[in-house]
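First the structure, in the form of structure tokens, and then the observations on it.
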């Protein structure tokens, strides 16, 4: 089972990842693609990676903006 990181540990690790932010206990990033078709292609690639990792993000699709939200439910975080 994964261990829950402290808020400070998460913030330290996120400094190395451009655009990712800690928001109410979850990490989020919004990606802007050229158009809806490219955005959907991106979502499909995320789906393949998420399935392989067995860790599925929440995905918000707003035309060419995709927001991924990640948290670890199994670790209680």
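Residue numbers (the numbering used here): 133 to 209.
Idealized CB from N, CA, C, for every residue including glycine.
Source: prediction; values computed, not measured.
Close Cβ partners of residue i (< 6 Å) along its chain, the five nearest in sequence each way excluded
i, result
"residue 162", "197, 199"
"residue 202", "159, 189"
Segment limits, beta strand (DSSP E) that includes residue i
i, result
"residue 153", "153-155"
"residue 144", "Unbroken run through residue 144 is the alpha helix (DSSP H), 139-146; no beta strand (DSSP E)."
"residue 197", "197-202"
Neighbourhood of residue i by C-beta, 8 Å cutoff - its chain only, sequence neighbours within 5 removed
i, result
"residue 146", "152, 153, 154, 159"
Three-state class that DSSP yields for residue i in the structure shown
i, result
"residue 160", "strand"
Residues near residue i in its chain [Cβ-Cβ closer than 7 Å; skip 5 each side]
i, result
"residue 143", "154"
Exposed unless 16 or more other CB atoms sit within 10 angstroms - verdict on residue i
i, result
"residue 185", "exposed"
First and last residue of the uninterrupted alpha helix (DSSP H) at residue i
i, result
"residue 186", "First-last for residue 186: undefined, no H or E at that position."
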